[in-house]
Structures are given as structure tokens and as C-alpha cells.
Amino acid sequence: MAETADVVETVKQGYAFEGAAIELGALLAGDEPKPDAAVRIPLSMVNRHGLVAGATGTGKTKTLQLMAEQLSAAGVSVFAADIKGDLSGISQPGQESEKLLARTRTIGQEWTATGFPTEFYALGGQGAGVPIRATITSVGPVLLSKVLGLNDVQESSLGLIFHYADKAGLTLLDLKDLRAVIQHLTSEEGKGDLKELGGLSAATAGVILRALIGFADQGAEAFFGEPEFDTADLMQQRDGKGVISLLELPNLQDRPALFSTFLMWLLADLFHDLPEIGDSDKPKLVFFFDEAHLLFNDASKAFLDSIAQTVRLIRSKGVGVFFVTQSPTDVPDDVLAQLGSRVQHQLRAHTPNDAKALKATVNTYPESAYPDLGEVITSLGIGEAVITVMNERGAPTPVAWTRLRAPESLMAPSDPAAMQASVDASPRRSKYAESIDRESAREKLAARLEEGARKQAEEDAATEAAKEKPATKKAPTRRTEKKDDGGIISDVVGSSAFKDFMRTAAREIARGMFKTGRR
Ligand SMILES: Nc1ncnc2c1ncn2[C@@H]1O[C@H](COP(=O)(O)OP(=O)(O)O)[C@@H](O)[C@H]1O
Ligand SMILES: [Mg+2]
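Position 298 of the sequence shown, counting from 1, maps to 297 under numbering that gives the first Met the number 0, and the rest follow consecutively.
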């Protein structure tokens with residue numbers, strides 16, 4: 000390794016930015032922390048995205064936490080997926096201890112226990128937070144196809160189904176609506192419509208229906224519907240601090256498609272709504288995707304392309320995205336290439352696979368002063384990382400072995416009672432807690448069936464009456480075959496179908512990246 004004094008000087012200069020910065024920690028050189036060689040990310044470069052990687056238990060989530068704290072303090076809103084619930088402590092001041100202060104002192108951090116304004120959300124009916132929903136129309140056929148893993152033919156078929164629903168004034172709000180429309184098109188009554196539509200086979204419709212059932216098992220039923228979450232709610236401030244929105248995601252590994260759908264919908268929606276701001280001194284919103292491998296694993300090529308495209312474009316809207324995962328090899332190359340800041344915690348090299356991942360990781364780093372970067376990465380302590388970021392001119396900073404700062408908020412899950420109290424007090428709760436089931440495709444289709452049945456009954460009555468008058472001609476006996484197809488359609492006849500109190504919104508099909516339709 001180069002002379003310690005040289006390394007210290009290189010890092011000092013390399014990380015001396017003009018504008019505000021997020022303080023990550025201090026350089027470690029020859030096992031000594033160097034508090035005056037601070038390692039930081041320029042606030043103006045946070046929208047150039049980043050990666051926090053490392054084996055389990057090496058400090059990734061804490062890094063996310065300390066970054067989120069400083070962003071909040073700088074007035075930047077934060078959104079983070081809180082997979083294991085261990086980020087919820089960010090809402091409360093941390094716990095002081097001798098051990099903690101010993102750590103913070105050596106790296107020049109003036110540690111003060113601080114809690115940050117936090118809003119808790121939940122997805123798919125699980126968790127204590129305020130429920131987040133989006134409508135089927137807003138998610139749109141393209142994104143939906145991608146998360147359902149549909150092939151091209153099936154995707155264009157789903158597009159046709161949306162098109163049909165749009166033209167027929169059948170509003171698609173929840174999964175029940177979409178299923179009702181597909182079932183209608185493949186039913187006796189819908190035959191004509193299906194034919195007119197062209198290009199949609201009953202077999203493909205069946206495949207899509209089955210995919211939707213699998214999706215519903217992940218909690219998608221509770222996710223789709225109204226009131227739809229207004230993504231502008233993520234951009235809140237409280238007392239000059241950016242609000243940290245935490246999305247609880249219990250049992251995420253069992254429902255990755257729901258997570259992907261929601262996150263991509265969110266990004267697409269923000270992209271659609273936010274103005275271009277170009278370069279600015281700080282981002283508007285920063286996303287942290289903890290356990291990001293769940294977003295990429297088993298995802299189709301088309302879906303991965305969409306992520307890469309979204310990440311590329313959203314930075315000019317002032318949105319930064321940080322992926323948090325075990326190995327950089329979890330992240331597709333297209334995405335990895337766009338991540339300006341890299342915080343690499345310890346990687347292990349036990350298995351040949353580990354060794355391969357380590358080698359790949361080292362190869363993604365710029366030239367460094369460390370003769371064997373792989374050796375450094377495997378020998379990092381907990382809460383230490385190898386870091387390089389993008390400087391204010393967009394060039395990579397010197398690779399620095401860093402001891403990270405400690406979060407100032409609680410490094411453990413929040414007390415459930417405190418969290419519940421915060422949810423109960425939130426104005427978002429009254430806005431989103433109750434789902435609304437206004438008249439949409441399912442009710443309309445049910446009403447049509449009802450209307451058909453009523454006509455039929457009238458005809459029957461006329462036939463009966465005719466029978467009693469022997470002299471008249473035989474009444475028409477034409478009957479539409481009407482068999483009860485059970486389930487969806489029959490169970491809503493007589494429900495909200497008649498309450499025609501809502502207009503069907505004319506859909507503005509504002510086609511964004513995912514061709515998502517907006518309210
Ligand atoms: N920056 C840090 N300051 C103080 N302690 C830390 C820091 N990073 C990690 N730790 C300690 O290591 C533990 C594991 O960190 P965590 O971030 O949960 O790991 P990961 O997310 O990589 O599994 C934490 O509970 C904490 O005790
Ligand atoms: Mg973690």
C-alpha cells in the first residue's frame with residue numbers, strides 16, 4: 000500500500016467538495032481512523048444514484064439509515080423499503096452507549112441522539128402502516144405484463160383488454176375489475192365483443208387470468224384499488240426536515256412481484272408528475288431499495304430494461320436511487336453502470352461463487368491506491384466499507400477504506416406502540432386507510448347481466464301472458480342461454496351495481512414510460 004500520508008492527502012483532496020455533502024465517515028489508514036480525511040457524497044450528486052453492498056450483518060442497513068438521516072436534515076425527502084422492520088427506529092432518538100461514543104469520537108462525529116420525521120406505509124394488506132394502493136388503470140398493461148412475466152403475445156393481449164375496457168367505459172380499478180372484464184370477454188355474452196376486438200384468444204385470456212390469481216396470492220388484491228396513493232405525498236417536509244417514508248414489507252420474499260409492481264409504479268408515476276430540474280444543489284427525493292436482489296431476481300429481461308431506463312431518466316427530475324444488496328453482481332450491468340456512489344461493505348470469499356463475485360466487484364472499481372482491493376474488501380470490519388463516489392465534476396473520487404458514522408436515531412426497530420401512535424396521528428391515515436369501492440368494471444358488467452336478466456323476465460312474462468290468450472300468435476321463444484357462471488359476476492348482482500352515483504372518468508391515457516394511465 001502507498002504511504003499512509005499520501006493516502007490521507009489524496010482522500011482529503013478528493014473529498015473536499017464546495018457544496019453541502021453527506022458525511023459517510025472517516026478514512027481508515029494503517030488501521031487508524033483519520034477524522035480530518037472525511038469521506039462524503041456531494042448532496043448535488045446524490046441523484047446520480049448509488050449502491051450499498053456487502054454480506055449480511057456487515058452494516059448496509061445502518062449505512063442506509065445514516066444517509067437517510069442526513070438527507071432528511073438537509074430537507075430532502077426519503078423513501079425506503081423497510082424489509083425487516085429494522086429501519087423503523089429512525090423515527091426515534093438513538094441509544095447512547097460508551098461503545099458507540101468511543102466509535103464516533105475516533106472518526107470525528109459529534110453524535111447527538113436524534114429522531115427524524117417518519118411516515119409509515121404498508122403494502123398489500125400486511126403491516127401497521129398506512130395502506131398504499133394504486134389502480135389497475137394507473138399501473139397499466141405494460142408494467143403489469145412485465146411483473147406477471149407475460150410473453151409478447153400475452154402482453155399485447157392484455158393491452159387489448161385494457162383498450163376494450165377503456166372504450167367500453169369499464170373502469171379498471173382493482174383486480175376484480177380486470178378479472179371481470181376478461182371473464183366477460185370469454186363468456187357467452189362477451190363473444191361478440193371479443194370477436195370485434197380481434198387478436199385476443201380465449202386461451203391467452205385464460206393464461207392471463209391464471210397469472211392474476213397467482214398475483215392475488217401475493218396480496219395484490221389489497222394493493223389495487225382506491226384511494227390511489229398520491230406520490231406527491233412522498234415529498235413532504237416537517238420543520239424544515241425531509242420526511243422519511245418507510246414502506247413496511249413483511250414476508251417480502253414470498254411476494255416479490257407485488258414489491259416490483261409497486262416500486263416501478265411509484266417511479267413511473269413520479270417520473271410522469273415531476274418537472275425536469277436538471278442539475279440542482281440537492282435532490283428532491285431519494286429512494287433506498289434494501290434487499291434489492293428481490294427486485295432483480297427472476298425478473299424478465301423486459302422488466303430489467305425498464306428498471307435501467309427508469310433509473311437513467313429519473314435523475315433529471317431530482318430523484319436519487321440507492322440499491323442495497325449483498326453483492327454488486329445482484330444488480331444488472333445496465334443499472335450498475337449508472338450508480339455513481341459505491342459503498343462496499345465486507346464480502347466473504349468462502350466459496351468459489353463468493354470468490355467470483357468478489358473478483359467481479361473489484362473489477363467494477365476505478366483504479367485504487369490499494370494493491371489488492373479484494374483483500375481489503377474481505378478484511379473490512381462491521382460498519383466499514385470501501386467507498387468511491389462521484390465528485391462535483393462527475394468524476395470518481397479516490398477509493399477509500401472508510402469507517403462509517405453511526406446513525407443518530409435508534410439502531411433497532413421502533414417500539415410498536417410508538418409506531419402505531421405515529422400512524423394513528425398521521426393525516427395520511429384518514430386519507431388512505433379506508434378502501435373505496437366505487438362503481439367500476441365489475442359492477443357495470445354485473446349490471447349489464449342484471450339488465451339482460453330483467454329483459455328476459457319481461458319476455459318470459461309476455462310469453463306467459465300470450466299463452467293465456469289462445470287466439471294470439473305464439474310469442475317469441477328466443478332465449479339467450481344464460482348460465483350462472485358463478486363467482487364474480489353472480490355474487491355482485493344486487494350489490495353496489497345499481498348505485499350509479501359515480502361518473503366513469505374518461506381516461507386520459509397519459510402514456511409514460513410504462514404507459515401508465517393517470518387519474
Ligand atoms: N455505522 C455503524 N455504526 C455503528 N454500528 C454499526 C454500523 N454499521 C453496522 N453496525 C452494527 O452492525 C450491525 C449489523 O448492521 P446492519 O446494518 O443491520 O447489517 P446488514 O444490513 O448489512 O445486514 C448493527 O446492528 C450494528 O450493531
Ligand atoms: Mg440489512
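We put the beta carbon where it would ideally sit given N, CA and C, even for glycine.
Checklist entry - When DSSP builds the beta bridges, which residues end up paired with Gln343? => result Gln343 pairs with Ala52 and Val385.
Item to check | Residues near Leu208 in its chain [Cβ-Cβ closer than 6 Å; skip 5 each side] | outcome: Ile181, listed in sequence order.
Checklist entry - Residues in its own chain within less than 6 Å of Glu154 by CB, not counting five upstream and five downstream? => result Cβ within range, chain order: Ser144.
Checklist entry - Cβ-heavy atom distance between Met66 and ligand 1 below 7 Å? => result Not under cutoff, so the answer is no.
Checklist entry - Assuming Glu70 contacts Ile106 under a Cβ cut-off of 8 Å, what Cβ separation, rounded to an integer in Å, is found between them? => result Looking at the sequence shown, residue 70 is not Glu but Leu. In fact, because the Cβ distance is near 20 Å, the residues do not count as touching under 8 Å.
Checklist entry - Are the beta-carbon atoms belonging to Phe295 and Val323 less than 8 Å from one another? => result No Cβ-Cβ contact shorter than 8 Å links Phe295 with Val323.
Checklist entry - Between Leu27 and Ala219, what straight-line distance do the alpha-carbon atoms span, to the nearest angstrom? => result Rounded to whole angstroms, Leu27 to Ala219 spans 47 Å at the Cα level.
Item to check | Run of the alpha helix (DSSP H) containing Pro41, from where it starts to where it stops | outcome: No alpha helix (DSSP H) holds Pro41; the beta strand (DSSP E) holding it covers Glu31 to Pro41.
Item to check | Cβ separation of Gln91 and Gly74, assumed to be a contact under 8 Å, to the nearest whole Å | outcome: About 20 Å separates the two Cβ atoms, so there is no contact after all.
Item to check | Closest Cα partner of Thr328 within the set Leu50, Ala356 and Leu23 | outcome: For Thr328, the closest C-alpha among the options Leu50, Ala356 and Leu23 is that of Ala356.
Item to check | For Pro370, the nearest candidate out of Trp400, Gly382 and Glu383 (CA to CA) | outcome: Closest option to Pro370, Cα to Cα, is Trp400.
Checklist entry - Less than 8 Å separating the beta-carbons of Leu42 and Asp280? => result Yes, the pair counts as a contact, with Cβ atoms nearer than the cut-off.
Checklist entry - So which of Gly126, His162 and Ala210 has the shortest CA-CA distance to Ala221? => result Selected option, being the one with the closest Cα: Gly126.
Checklist entry - If you draw a straight line from the alpha carbon of Gly198 to that of Ala210, how long is it in whole angstroms? => result Roughly 19 Å separates the two Cα atoms.
Checklist entry - Hey, quick one: how far does the beta strand (DSSP E) through Trp400 stretch, first residue to last? => result For Trp400, the enclosing beta strand (DSSP E) covers residues Ala399 to Leu403.
Item to check | Thr103 versus Glu109: straight-line alpha-carbon distance, rounded | outcome: Going by the C-alpha atoms only, they are around 7 Å apart.
Checklist entry - Alpha carbon to alpha carbon, how far is Ser495 from Arg132? => result Low confidence applies here, because Ser495 scores a pLDDT of 32, under 50, leaving its location unreliable and the question unanswered by this model.
Item to check | Residues near ligand 1, criterion Cβ-heavy atom distance below 5 Å | outcome: Result (chain order): Thr55, Gly56, Thr57, Gly58, Lys59, Thr60, Lys61, Ile381, Gly382, Leu403 and Ala405.
Next on the checklist: Since Leu269 and Thr230 should fall inside the 8 Å C-beta cutoff, what is the C-beta to C-beta distance between them, to a whole number of angstroms?
Outcome noted: 5 Å between Cβ atoms; contact.
Next on the checklist: Output needed for Gly124: all residues of its chain with C-beta closer than 6 Å, excluding positions within five of it in sequence on either side, in chain order.
Outcome noted: Cβ within range, chain order: Gly218 and Ala221.
Next on the checklist: Pull the bridge partners of Glu22 from the DSSP assignment, please.
Outcome noted: For Glu22, the beta-bridge partners assigned by DSSP are Arg39.
Checklist entry - In the structure shown, what three-state DSSP assignment does Tyr163 receive? => result Collapsing the DSSP output to three states places Tyr163 in a helix.
Checklist entry - Are at least three pairs of beta-carbons, each pair with one atom in the region 51–58 and one in the region 334–348, less than 8 Å apart? => result They touch, by the three-pair rule.
Checklist entry - Out of curiosity, what's the CA-to-CA distance linking Leu273 and Lys316? => result Approximately 6 Å, taken between the alpha carbons.
Item to check | In DSSP terms, what Arg237 is bridged to | outcome: Beta bridge pairing from DSSP links Arg237 with Lys240.
Checklist entry - Which first and last residues belong to the alpha helix (DSSP H) in which Val180 is found? => result Counting along the chain, the alpha helix (DSSP H) containing Val180 begins and ends at Leu174 to Leu184.
Checklist entry - At which residues does the beta strand (DSSP E) containing Pro130 begin and terminate? => result Pro130 -> beta strand (DSSP E) spans Val129 to Ile131.
Next on the checklist: So, at 7 Å on beta carbons, what are the nonlocal neighbours of Glu275 in its own chain, with the 5 sequence-adjacent residues on each side left out?
Outcome noted: Ser315 and Lys316.
Next on the checklist: Count Cβ pairs between the region 157–166 and the region 236–252 that sit closer than 8 Å; are there 3 or more?
Outcome noted: No: the two stretches stay apart, fewer than three of their Cβ pairs being nearer than 8 Å.
Checklist entry - Along the chain, which unbroken stretches of the beta strand (DSSP E) at least 3 residues long are found entirely within the region 62–103? => result Entirely contained in the region 62–103, the beta strand (DSSP E) runs reaching 3 residues are, in chain order, 76–81.
Checklist entry - How many angstroms separate the CA atom of Gln455 from the CA atom of Arg447? => result For Gln455 and Arg447, the distance between alpha carbons rounds to 12 Å.
Checklist entry - In the structure shown, what three-state DSSP assignment does Val320 receive? => result Strand.
Checklist entry - Are Leu50 and Val330 closer than 8 Å when you measure CB to CB? => result Yes; because the gap between Cβ atoms is below 8 Å, this pair is in contact.
Next on the checklist: Give me, in chain order, the residues of the same chain whose beta-carbon lies closer than 6 Å to that of Thr185; leave out the 5 immediate sequence neighbours on both sides.
Outcome noted: Result list for Thr185: Ala201 and Ala204, in chain order.
Next on the checklist: Using C-beta distances below 6 Å, list every residue in its chain close to His292, excluding the 5 sequence neighbours before and after it, in chain order.
Outcome noted: Cβ neighbours of His292 beyond the five flanking positions: Thr324 and Asp329.
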